[in-house]
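**Student:**
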Amino acid sequence: MRQIIYFIKKFRYFLLFIVLETLAFIVIVQDHSYHQSKFVNSANSITGGVYNKVNSVSAFFHLKKDNQLLSEENVRLKNLLEVRANKFVLDSFKVIDSSLYFQKYDYSTAKIINNNFTKRNNFLTINKGAKHGLAPDLGVINSKGIIGVIKNVSSNYANVLSILNANSKINVRLKNSNHFGTLVWDGKDYNITQIIDIPRQALVKAGDTIVTGGKSAIFPEGIGVGVVKDFKYEQNKYQIINVLLFNDMSAIGEVQIVKNLHKDEQITLEQSVENE
Amino acid sequence: MNNIALNNTIRFISLLFLQVFILNHVNIFGYINPMVYIAWVFLYPVRKTRALFLILSFLLGISIDFFSDSGGINAFAITFIAYFRLPILMAVLRKSDLDYGQFNLKTISANKIILFISILTIIHHFIVFSLEYFSFIELLNIISRTVLTSIFTILISFLGITLFTKRK
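Chain order of the listed sequences is A and B.
Oh and the first sequence: position 80 is 63 in our numbering, straight run, nothing missing.
Take any residue in the second sequence, count from 1 to its spot, add 1450: that is its number in our numbering.
In structure tokens, the structure reads:
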């Protein structure tokens, strides 16, 4: 017994060191597993609150650019409306069947209060949380394209897994040919992401537009991602396809949260098929 | 004694905020963010009892992790260099025993300060980037980032230490 006490006394700093390192390591491992929500994240009320305060000052300097983005999007949406109006004018009569109208996606706005893009695994913090109806696995987009997926929520803030993250895998497709692939990031340039798993019969050209695939239950189909910058086709396979993002990930402010109202239905259906 | 505690509290908070709000967003050459918060380890008074120092270092690291969503990476790395600070300091000074009460970073020569800071910084950055990339294939990336970021961290911490600590 005395020897144990002596041992602990002699190596007490080393033991403390081991305990602290084990604690840190547990947090790291927990952080690397995608399906577990993290304990150490910036969505809690302290860090979120501090980021919010700091951001309220810095956001002021981006007002001009934000306004410009908004007006650009307004122009785009107005143009879309005009196109649709013409089509309906041609109809001589109209039947409104209320069962044909349904809402699949619900959009809400949020503001990014902390942005990372230089690390290997990047996360963003936004100023909306569970109180505003957010939950994990909702999509985050802005007027130009996709940004990421919500991972953790606290009551007032949420933590977004950026597309610039090793754990981010998003279903995308070529705009012109419906061939699906997966969007990943190799960690080198924050303007360029990669597509893997695209079938070899797909015709890819530099300059092709990439949009979200809608195969997942998170993003609506057809949200912009980027354009193909270059690619390597070797051994009858697309080895690498580089995509230049529409979004400048270093300068994003206002974002929209996409909530898929049919998500549970889709997932239950898919699981029931898998179980058979 | 009270003065030292106050000093350390101020240093803890200011290093944390300096790192989180300024240095995490400077992006030199597009992607280098110096991690100057480890100056905490360089500046904390050298004492025979190290328990408080280890725990505080861990807390600083985990606070940085909370803000920058990096899991426990920074906590792991800073605790590591905090534990090995004393042996490295002894090795740099080529001494086997220190006069704990009197020791001050200011009393040793600039060369030795730079050497001491460099060793700790490189170890710390290597751990951080290894854990961040978490794969052997990226070893080249890890090393290049470690070297580039270390240069700026060492530069800034050395300038900071020479400018902001009083010579006795």
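By construction, the Cβ of each residue, glycine as well, lies at the ideal position given by its N, Cα and C atoms.
The structure displayed is predicted, hence computed values, not measured ones.
1) Listed from N- to C-terminal order along the chain, which residues in the segment 220 to 252 of chain A have their beta-carbon within a distance smaller than 7 Å of any beta-carbon of chain B?
2) Using 7 Å as the cut-off, classify the Cβ of Thr1557(B) as near or not near the heavy atoms of the ligand NAP, replying yes or no.
3) Strictly under 8 Å for the Cβ-Cβ distance: is Tyr(-4)(A) near chain B by that measure?
4) What does Gly1610(B) touch in chain A if you count any residue whose Cβ is under 9 Å from its own?
5) Taking the Cβ atom as the reference point for each residue, do Leu1509(B) and Ile1538(B) lie within a distance shorter than 8 Å?
6) Output needed in chain order: residues of the segment 1506 to 1524 of chain B with a Cβ under 8 Å from some Cβ in chain A.
7) For Asn1453(B), I'd like the list of residues in its chain whose CB is within less than 8 Å of its CB, leaving aside the five on either flank, ordered along the chain.
8) Does any C-beta atom of chain B lie closer than 8 Å to the C-beta of Glu4(A)?
9) Whole angstroms is fine: what's the gap from Gln1469(B)'s alpha carbon to Val167(A)'s?
10) Apply the 10 Å Cβ neighbour rule to His245(A) and answer buried if 16 or more other Cβ atoms are within range, or exposed otherwise.
11) Output the distance between the C-alpha atoms of Arg1544(B) and Leu1555(B), rounded to the nearest integer angstrom.
12) Starting from Thr192(A), follow the beta strand (DSSP E) in both directions and report where the run begins and ends.
13) Just mark Tyr34(A) as buried or exposed, buried being the case when its beta carbon has 16 or more other beta carbons within 10 Å.
14) Does chain B have any CB closer than 8 Å to the CB of Asp14(A)?
15) Just to confirm my understanding: we take Thr1603(B), look at its own chain, exclude 5 residues before and 5 after, and list those with CB closer than 8 Å. What are they?
16) So if I threshold CB-CB distances at 9 Å, which residues from the segment 95 to 106 of chain A count as touching chain B?
17) Considering only DSSP beta bridges, list what Tyr221(A) is partnered with.
18) Sorted by chain position, which residues of the same chain lie with C-beta nearer than 7 Å to Leu1466(B)'s C-beta, five sequence neighbours on each side aside?
19) Do three or more CB pairs link the segment 96 to 106 of chain A to the segment 229 to 236 of chain A at distances below 8 Å?
20) Strictly below 7 Å CB to CB, what residues from chain B border Ile11(A)?
21) What are the start and end residues of the alpha helix (DSSP H) that includes Phe1530(B)?
22) Please work out which residues of its chain come closer than 6 Å, Cβ to Cβ, to Ala113(A), disregarding the five sequence neighbours upstream and downstream, and give them in chain order.
23) Check this for me: beta carbons of Ala1527(B) and Val1578(B), under 8 Å apart or not?
24) Tyr1481(B) versus chain A: which residues are under 7 Å apart at the beta carbon?
25) In the segment 1469 to 1498 of chain B, which residue ranges form an unbroken beta strand (DSSP E) of at least 3 residues, counting only runs that do not cross its ends?
26) Measuring only between beta-carbons, confirm whether Phe8(A) sits less than 8 Å from chain B.
27) Determine the contact status of Lys94(A) and Ala26(A), defining contact as a CB-CB distance below 8 Å.
28) Any idea if Tyr1550(B) is buried or exposed, counting beta-carbon neighbours within 10 angstroms, 16 or more meaning buried?
29) Per DSSP, what kind of secondary structure is Val23(A) in: helix, strand or coil?
30) For Ala1560(B), list the residues DSSP reports as bridge partners.
31) Counting only Cβ-Cβ distances shorter than 8 Å, please list the residues of the segment 1589 to 1600 of chain B near chain A, keeping chain order.
32) Using a Cβ-Cβ cutoff of less than 6 Å, which residues in the same chain neighbour Ile193(A) once the five nearest sequence positions on both sides are dropped?
**Tutor:** So, to answer that:
1) Along the segment 220 to 252 of chain A, there is no position whose C-beta sits under 7 Å from a C-beta of chain B.
2) Looking at this structure, you won't find the ligand NAP or any other ligand, since it has none at all.
3) The residue you call residue -4(A) lines up with position 13 of the first sequence. Yes, Tyr(-4)(A) lies at the interface with chain B (some Cβ there is under 8 Å from its Cβ).
4) Counting from one through the second sequence, the residue named residue 1610(B) turns up at place 160. Within chain A, no residue comes near Gly1610(B); the closest Cβ sits about 22 Å away, beyond 9 Å.
5) To locate residue 1509(B), count along the second sequence from 1; it is residue 59. To locate residue 1538(B), count along the second sequence from 1; it is residue 88. No.
6) Phe1508, Gly1511, Ile1512, Asp1515, Phe1516, Phe1517, Ser1518, Asp1519, Ser1520, Gly1521, Gly1522 and Ile1523
7) The sequence position of residue 1453(B) within the second sequence is 3, counting from 1. Once the five neighbours on either side are set aside, Asn1453(B) has no close Cβ partner at all.
8) For this step, residue 4(A) is matched to residue 21 along the first sequence. By this cut-off, Glu4(A) is an interface position.
9) Against the second sequence, residue 1469(B) aligns to sequence position 19. Against the first sequence, residue 167(A) aligns to sequence position 184. Taking C-alpha positions only, Gln1469(B) is separated from Val167(A) by approximately 29 Å.
10) Walking along the first sequence from the start, residue 245(A) turns up at place 262. Burial call: exposed.
11) Translated into the one-based positions of the second sequence, residue 1544(B) becomes position 94. Translated into the one-based positions of the second sequence, residue 1555(B) becomes position 105. Computed Cα separation, rounded: 15 Å.
12) As a first step, residue 192(A) is located in the first sequence; it is residue number 209 there, counting from the start. Thr192 to Thr195 is the span of the beta strand (DSSP E), which, as asked, contains Thr192(A).
13) As a working note, residue 34(A) is residue 51 in the first sequence. Answer is buried; the Cβ neighbour count reaches 16.
14) In the first sequence, residue 14(A) corresponds to position 31, counting from 1. Chain B, which has a Cβ nearer than 8 Å to the Cβ of Asp14(A), makes this yes.
15) Walking along the second sequence from the start, residue 1603(B) turns up at place 153. So the list reads Pro1484, Met1485, Val1486, Ile1488, Thr1571 and His1575, once near-sequence residues are dropped.
16) Asn97, Asn98, Asn99, Phe100, Thr101, Lys102, Arg103, Asn104, Asn105 and Phe106
17) The residue you call residue 221(A) lines up with position 238 of the first sequence. Tyr221(A) is bridged to Tyr216(A).
18) Within the second sequence, numbered from 1, the residue matching residue 1466(B) stands at position 16. Taken in chain order, the residues that qualify are Tyr1487, Leu1510, Ser1513 and Ile1514.
19) The segment 96 to 106 of chain A, when compared against the segment 229 to 236 of chain A, does touch it at the 8 Å Cβ threshold.
20) Within the first sequence, the letter at position 28 stands for residue 11(A). Ordered by position in chain B, the residues that pass the 7 Å Cβ test against Ile11(A) are Gly1521, Gly1522, Ile1523, Phe1526 and Leu1581.
21) Reading the second sequence from its first residue, position 80 is the one you call residue 1530(B). Counting along the chain, Phe1530(B) sits inside the alpha helix (DSSP H) bounded by residues Ile1523 to Leu1543.
22) For the purposes of this step, residue 113(A) is identified with residue 130 of the first sequence, where counting begins at 1. So the qualifying residues of the chain are Val136 and Ser138.
23) Taking the second sequence and counting its residues from 1, the one referred to as residue 1527(B) is at position 77. Taking the second sequence and counting its residues from 1, the one referred to as residue 1578(B) is at position 128. Ala1527(B) is a Cβ neighbour of Val1578(B), given a cutoff of 8 Å.
24) Numbered from 1 along the second sequence, position 31 holds the residue referred to as residue 1481(B). By Cβ distance, chain A contributes Thr101.
25) none
26) Counted from its first residue, the first sequence places residue 8(A) at position 25. Answer yes: the Cβ-Cβ gap between Phe8(A) and chain B drops below 8 Å somewhere.
27) Sequence index remark: in the first sequence, residue 94(A) carries index 111 (1-based). Sequence index remark: in the first sequence, residue 26(A) carries index 43 (1-based). Not a contact, by the Cβ cut-off of 8 Å.
28) Position 100 of the second sequence, counted from the start, is the residue given in the question as residue 1550(B). By the 10 Å Cβ count, Tyr1550(B) comes out exposed.
29) For the purposes of this step, residue 23(A) is taken as residue 40 along the first sequence, with counting starting at 1. Here Val23(A) sits in coil by DSSP.
30) Within the second sequence, the letter at position 110 stands for residue 1560(B). According to DSSP, Ala1560(B) bridges with nothing at all.
31) Asn1591
32) Walking along the first sequence from the start, residue 193(A) turns up at place 210. Taken in chain order, the residues that qualify are Val155, Val208, Gly209 and Val226.
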